[in-house]
């Protein structure tokens, strides 16, 4: 008979009278004295059994919960059915119960309520946490989404090709994870931040449509929507492709997967296209949530000099809400949030029922009433929030817009609203004042070599694009730079000479000298797609074995120390300060 004839989620009324064998974990018991009900759980579900003989009751009482057991017996109808349980109309009358794997330790938490336990405990005992159907179902859901993506990409003519994990370090924006070489002393591999160069090399090799569910490794700090260490993306590249070609494919894929795994309204292609500059102007972010109807307006020309806090050199941005204006408690709390976010302050006023400016900065703004009403489209009862900043005014206005949309319940419900952000700047200044690439160094500048040679770098746009849904950046991509001369000049502008290109990007640079095709690609984040579809705000909940916030794998004890022999094999000598041990007096 083996270990089972059926799974624990399979039996129904039609099986009554059959002799069956189930195997699973002893999820719980309910001892009523005369009878003992006990529940067997496996990957597929749960089934109840009832022990009635003294011998069987004593055996069940002796088995610790979460032991694995097999139960042989007859399927009978329940005297008290449970309609909320798929197997709730039947139960097993056991003839034989066998312990397959005993649970010897005290459980660190109740399996059914593991999500209420401390995260570090859950991660240390992740193998127990995953027994919780609520936790397991999210991993199953992820597997189904990934399977759908694979099928869809294959259906669209893409070939799944895996690329190397051990590769070379290259300046792609984040810190590398490096791996020392035993055979080549003093040299290191790097784990790929993305298969960027390999997928472009595939295009230069003559492959037409490539994809893979690619692991990417970046030494970055954790966020709610970003796992430290590694993440997965639907990595794609297309030969002889334009930006429009990429958009057409991705709109079919993204709309398809969101429609397949969600009951919400999902935008169909073509998605709205928003220029980067327009997104920053209207939404204060390059990741706009289009479910929020509020739009930022610039009122610098109207309000500059009208109040001490509206001085020269500041950008003044306003967000208007028509309808019922919020109360003073909400306004004060909103102003405090804006200050905590880095704004100097949030200023405000209302239009009363007569249409006159009232409250907040009314005495400063009253003389500008008509201009403000026209610019902001105000009606009686409107509320206007304002930020005035010497720098980052767009960012602060974007925060104000989001807080107003959420706080006043203006966000559209049950919808996924997509857009493309296009026409990113090719270059920008970093925090140290150095010119650097805005998006990624492999993008084709709009205007090609002529633009690089004749335009101010900050005015050059690139064929770069992001897909955004509900304020979340799902993917980034670009039309690639496939001409060596353009690559050389693009890197020269940020201070990298030809020698650096030859050292850091030698394979790609060399391949482009042998007739590279125009190509383009994109890489939607699989983790974020699953998070949005599962409505799960914490990325660690949709990863099978996640790291904690401090990039530690608590379950496996990583990162860990290694032996002196292992270090010697890879020619490394540590120079790390030892932790000071407390003295007996401390």
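In this note's numbering, the protein residues as written are 592 to 1177. Cβ coordinates follow ideal geometry from the N, Cα and C atoms, glycine included.
- By a beta-carbon distance limit of 8 Å, residue 767 contacts residue 784. Their separation comes to about 7 Å.
- The way I'd put it, the segment 1112 to 1122 doesn't touch the segment 1138 to 1148; fewer than three beta-carbon pairs between them come closer than 8 Å.
- Selection 916, 1027 and 1070 evaluated against residue 1086 yields 1027 as nearest (Cα-Cα).
- In this structure residue 902 is exposed. Its beta-carbon is surrounded by fewer than 16 other beta-carbon atoms within 10 angstroms.
- Of the candidates 1041, 1013 and 1044, 1013 places its Cα closest to the Cα of residue 1029.
- DSSP places residue 807 within a strand segment (E or B) once states are collapsed to three.
- In the DSSP annotation of this structure, the continuous segment of the beta strand (DSSP E) that includes residue 1020 starts and ends at 1018 to 1020.
- In this structure, residue 677 keeps its C-beta atom at 8 Å or more from the C-beta atom of residue 662.
- Going by DSSP, residue 789 is part of no beta strand (DSSP E) but of the alpha helix (DSSP H) stretching over 787 to 795.
- DSSP, reduced to helix, strand and coil, places residue 839 within a helical segment of the structure shown.
- A direct Cα-to-Cα measurement between residue 1165 and residue 760 gives close to 21 Å.
- The beta carbons of residue 1067 and residue 1053 sit about 12 Å from each other, so the pair does not count as a contact at 8 Å.
- The alpha carbon of residue 1020 has as its nearest neighbour, out of 846, 1050 and 924, the alpha carbon of 1050.
- Taking 8 Å as the cut-off, the beta carbon of residue 733 is found no closer than this to the beta carbon of residue 1146.
- Excluding sequence positions up to five before and after residue 951, its CB lies within less than 8 Å of the CB of 922, 938, 939, 940 and 941, all in the same chain and listed in chain order.
- Remark: C-beta atoms of residue 880 and residue 1148 do not approach each other more closely than 8 Å.
- For residue 729, the enclosing alpha helix (DSSP H) begins and ends at 724 to 746.
- By the neighbour-count criterion, in which 16 or more other beta carbons inside 10 Å mark a residue as buried, residue 892 falls on the exposed side.
- Exclusion of the five residues before and after residue 1121 leaves 733, 736 and 1133 as the residues of its chain whose Cβ lies within less than 6 Å of its Cβ.
- For residue 997, the enclosing alpha helix (DSSP H) starts and ends at 984 to 998.
- With a beta-carbon spacing of about 5 Å, residue 616 and residue 657 fall inside the 8 Å limit used to define contacts.
- Going by C-alpha positions, residue 943 is about 35 Å away from residue 1007.
- A Cβ-Cβ contact shorter than 8 Å links residue 1070 with residue 833.
- Per DSSP, residue 669 is not a residue of any beta strand (DSSP E), being assigned neither H nor E.
- Only exposed fits residue 831, as fewer than 16 other CB atoms lie within 10 angstroms of its CB.
- Note that the C-beta distance between residue 629 and residue 614 is not below 8 Å.
- DSSP lists 1012 and 1067 as the bridge partner or partners of residue 1057.
- Taking a C-beta distance under 8 Å as the contact criterion, residue 910 and residue 885 qualify as a contact pair.
- In summary, residue 1105 is exposed, with fewer than 16 beta-carbon neighbours lying within 10 Å of its beta-carbon over all protein chains present.
- Beta-bridge pairing by DSSP links residue 684 to 665.
- Distance check between residue 748 and each of 703, 798 and 721 places 798 closest, using alpha-carbon atoms only.
- The Cβ-Cβ distance between residue 1043 and residue 992 does not fall below 8 Å.
- For residue 832, the secondary structure class from DSSP, reduced to helix, strand or coil, is coil.
- The alpha-carbon separation between residue 1117 and residue 722 amounts to approximately 23 Å.
- Within the model, the alpha-carbon separation for residue 1094 versus residue 1072 is close to 18 Å.
- Rounded to whole angstroms, residue 818 and residue 1142 show a C-alpha spacing of 8 Å.
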